[in-house]
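*Asks:*
Residue numbers (this note's numbering), protein chains in the order written: chain C, 1 to 142; chain E, 143 to 284; chain W, 285 to 426; chain L, 427 to 568.
(1) Measuring alpha carbon to alpha carbon, tell me which residue in E:279, E:266, E:281 and E:242 is nearest residue 203 of chain E.
(2) Note the first and the last residue of the continuous beta strand (DSSP E) segment covering residue 251 of chain E.
(3) Report the residues of the region 77 to 91 of chain C with a CB closer than 9 Å to any CB of chain E, ordered along the chain.
(4) Sort C:80, C:85, C:39 and C:74 by Cα distance to residue 3 of chain C and report the nearest one.
(5) For residue 326 of chain W and residue 387 of chain W, I'd like the C-alpha separation in whole angstroms.
(6) If we call anything under 8 Å between Cβ atoms a contact, is residue 490 of chain L one with residue 555 of chain L?
(7) Thinking just about the alpha-carbon of each residue, which of C:26, C:9 and C:55 is nearest to the one in residue 94 of chain C?
(8) Give the interface partners of residue 65 of chain C over in chain L, defined as CB-CB distance under 9 Å, in chain order.
(9) How many Å lie between residue 71 of chain C and residue 370 of chain W at the Cα?
(10) Around the C-beta of residue 117 of chain C, are 16 or more other C-beta atoms found within 10 angstroms, so that it is buried, or is it exposed?
(11) Go ahead and pull the three-state DSSP assignment for residue 179 of chain E.
(12) Measuring only the C-alpha atoms, how far is residue 462 of chain L from residue 531 of chain L?
(13) Please report how far the alpha carbon of residue 334 of chain W lies from the alpha carbon of residue 442 of chain L, in whole angstroms.
(14) Just to make sure I have the definition right: I need the residues of chain E whose C-beta is within less than 9 Å of the C-beta of residue 419 of chain W. Which are they?
(15) When you compare the CB positions of residue 562 of chain L and residue 539 of chain L, do they come within less than 8 Å of one another, or not?
(16) Please list the terminal residues of the continuous beta strand (DSSP E) segment that includes residue 130 of chain C.
(17) May I ask you to list, following chain order, the residues of the region 114 to 130 of chain C that have a beta carbon less than 7 Å from some beta carbon of chain L?
(18) CB-CB under 6 Å to residue 181 of chain E, same chain, minus the five flanking residues each way: which ones, in chain order?
(19) Note down, in chain order, all residues in the region 450 to 475 of chain L with a beta-carbon under 9 Å from any beta-carbon belonging to chain W.
(20) For residue 21 of chain C, is the classification buried or exposed, using 16 other Cβ atoms within 10 angstroms of its Cβ as the cut-off for buried?
(21) With burial defined as no fewer than 16 other Cβ atoms inside 10 Å of the residue's Cβ, what is the status of residue 545 of chain L: buried or exposed?
(22) I need the straight-line Cα distance from residue 6 of chain C to residue 380 of chain W, nearest angstrom please.
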C-alpha cells in the first residue's frame, strides 16, 4: 500500500476542505508521510496549557485525530473527514510547554474502518508523553 | 461515602483554584452532585464545532475531565487537580450543535486512583452521543 | 426496543448453535434479560483461578463477551455470533474465588455494530471487580 | 535500561513461581527479550478455538498478560506477579487456528505502574490479528 498523496497535496486538500481545522493559526503541520504512517506537529500555543502547566489532553486528542486523518488520506487518497468511533489514550509523562510531535501508524485499513496507534512526544524528547489507539469510520464518497 | 462538598462550594473552589479552566466564558456548569456522581453541562459554543457540523471529540474529552474532577471533589473534598492517566471514549451518535450534559459515576475511588464512567448526551436527548471510561491519579496534598 | 427472546429461548438457541461455548460444564447461565440489557453468571471454577488467588482476566473477558451476546440476541433476535472488535476493561478490585455476576447494558445497537458496557461483581457484592466497554460487529444473516 | 534477566532465567523464574500459569501444557514460550520488550508465543491448542473457528479473545488476553509480565521482569528483575489494571484490545483480523506470536513494548515503566502495547500476529503473518494497550501495577516486594 504505497503513499498516494504527498505532503504538499495533503496540505492543499486540508486547507481547501477543512479551513476551520487546518489553517495557519491552528499550529498544525505535516512533517512526513510514509506507507501507512505519518509524522505531524502541533506548535505550542498558550491556549493549550492546562491548569497545572502541562499541555491539555484535549489538545493531544485533536492532534491524534489530525495524524490519523493524514495517515488515512495518504493511504487511500482524498476521502471526506473520517469520524472517530473509539479512542483510547494513556497519558505517560507530563507534557512540557513545547511543540508536540505525533507519529501515526495504521494497523488496519479496511473499506469502512481504519485502526491505528499514535505516539506523541514533546519536541526533541524520545520518551512519549502519550500513546493512543483509535478507530475511524471512513465515509464512502467525497 | 456521602457528598462532602455542595455545588456552591465546588463552584467557589474551582473558580478560585482553576480560573483558567472554570470561568464564565468556559460554558461549564455543575447541575447536581450525589454520592459518587454528578451531572455537569457544557454550554454550546461555536468554537466547539468540528468540520462536519458536530461537536468535537476534544470538547467531549474536556467535559469528561471536568465531570470526573467534580465527582472526585464531591466525594473526597478539595484536592489538587487530578491527572488523567487513561481515557477510553466511544462515540455513539452525532452530537447536534447544542449543549452537552454529562453524568459521571465513580466506579472506584482509592487513595491514589479514581476510575469512573461518563455518559454524555445532547441536551434534551436520552440516547448518549458518547460514553467514556477514565482513570485519574489523585495528588495527595493541596 | 422490547425484548424479543426470553431467557428460555436464549438458552435453547445458545445450546444448539454454540455447544462449544455454552454447555453445562461452562458454568455460564442467564439470570434475566430486559430492554437492552441482561444479567448473567459465571459459576466458580478452579480453572479460572489465576496465580495469586483471584479470578483471571480472561475469565472476565469470556463472561463479558457472553453477556454482550445475550443482550444483543435479546434485543435483535437470533443472529450469528457477534465478533468483538474492541474491548476495554478496568480491573477495580480483587475478584474473590466465587461466582461472578455481570450486567450488560447496550449503549447503542445499530445494524452492524453494537456498543455496551458491562459491570462485573463477585456474587453477593455491590462494588464491581471490573468494568468493561466493548463493541461487537453483528453479522447480517444466520 | 538494559535487560536484567535472560530468557533462561525468565523461564526458570516463571516455572518456579507460577507453575499454574507457565508449564509445558500451557503452550507458552519466550522467544526473545530486549530492552523494554520481548517476543513470546502461544502454541495452538484446540481448547482456544472459539465458536466460529478463530482463536478466542480470552486466549489473546492471556498471551498479552504473559508478554507484558515477561517484558517487565526482563526490565526490572524478579518481582511478584504484576496485576493488570487496564487493558484495551482491538481485534483487527480473524486469527487462524495456528500459533500466536506477540511482541510487547514497554512505553513507560515506573516504580508502581508499567504501560505497554502488544502486537499479536498469527505465526508467519505480518499483519496483526490484534493490538493491545495495557497497564500493570507492579507489587513492591517478592
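Even glycine gets a Cβ: it sits at the ideal position worked out from N, Cα and C.
*Replies:* Based on what the coordinates show:
(1) On the second chain, position 61 is the one that residue 203 of chain E refers to. Ranking E:279, E:266, E:281 and E:242 by Cα distance to residue 203 of chain E puts E:242 first.
(2) On the second chain, position 109 is the one that residue 251 of chain E refers to. Residue 251 of chain E -> beta strand (DSSP E) spans 242 to 251.
(3) Listed by position, the residues of the region 77 to 91 of chain C near chain E (Cβ gap below 9 Å) are 80, 81, 83, 84, 85, 86, 87, 88, 89, 90 and 91.
(4) Here residue 3 of chain C refers to the residue found at position 3 of the first chain. Among C:80, C:85, C:39 and C:74, the Cα nearest to that of residue 3 of chain C is on C:74.
(5) Along the third chain, one-based indexing puts residue 326 of chain W at 42. Along the third chain, one-based indexing puts residue 387 of chain W at 103. Distance between the alpha carbons of residue 326 of chain W and residue 387 of chain W is about 12 Å.
(6) Against the fourth chain, residue 490 of chain L aligns to sequence position 64. Against the fourth chain, residue 555 of chain L aligns to sequence position 129. Not a contact, by the Cβ cut-off of 8 Å.
(7) Reading the first chain from its first residue, position 94 is the one you call residue 94 of chain C. With distances taken between Cα atoms, residue 94 of chain C lies closest to C:55.
(8) Along the first chain, one-based indexing puts residue 65 of chain C at 65. Those do not exist, as residue 65 of chain C stays about 17 Å from chain L at its closest Cβ, beyond 9 Å.
(9) Position 71 of the first chain, counting from 1, holds the residue named residue 71 of chain C. Position 86 of the third chain, counting from 1, holds the residue named residue 370 of chain W. The C-alpha of residue 71 of chain C lies about 21 Å from the C-alpha of residue 370 of chain W.
(10) By 1-based counting over the first chain, the position of residue 117 of chain C is 117. Flag for residue 117 of chain C reads buried.
(11) Position 37 of the second chain, counted from the first residue, corresponds to residue 179 of chain E. If DSSP states are grouped into helix, strand and coil, residue 179 of chain E belongs with the strands.
(12) One-based indexing of the fourth chain puts residue 462 of chain L at position 36. One-based indexing of the fourth chain puts residue 531 of chain L at position 105. For residue 462 of chain L and residue 531 of chain L, the distance between alpha carbons rounds to 6 Å.
(13) Here residue 334 of chain W is taken as the residue at index 50 of the third chain, counted from 1. Here residue 442 of chain L is taken as the residue at index 16 of the fourth chain, counted from 1. Their Cα atoms are separated by approximately 15 Å.
(14) Reading the third chain from its first residue, position 135 is the one you call residue 419 of chain W. Residues of chain E passing the Cβ test: 232.
(15) As a position in the fourth chain, residue 562 of chain L is number 136, starting the count at 1. As a position in the fourth chain, residue 539 of chain L is number 113, starting the count at 1. Yes, the pair counts as a contact, with Cβ atoms nearer than the cut-off.
(16) On the first chain, residue 130 of chain C is found 130 positions in, with the first residue counted as 1. Counting along the chain, the beta strand (DSSP E) containing residue 130 of chain C begins and ends at 130 to 137.
(17) 115, 117 and 128
(18) Taking the second chain and counting its residues from 1, one reaches residue 181 of chain E at position 39. These residues qualify, in order along the chain: 173, 174 and 245.
(19) 475
(20) Within the first chain, residue 21 of chain C is the residue found at index 21, counting from 1. Counting Cβ neighbours within 10 Å, residue 21 of chain C comes out buried, since at least 16 surround it.
(21) By one-based count along the fourth chain, residue 545 of chain L stands at place 119. Buried is the call here.
(22) In the first chain, residue 6 of chain C corresponds to position 6, counting from 1. In the third chain, residue 380 of chain W corresponds to position 96, counting from 1. Distance between the alpha carbons of residue 6 of chain C and residue 380 of chain W: 56 Å.
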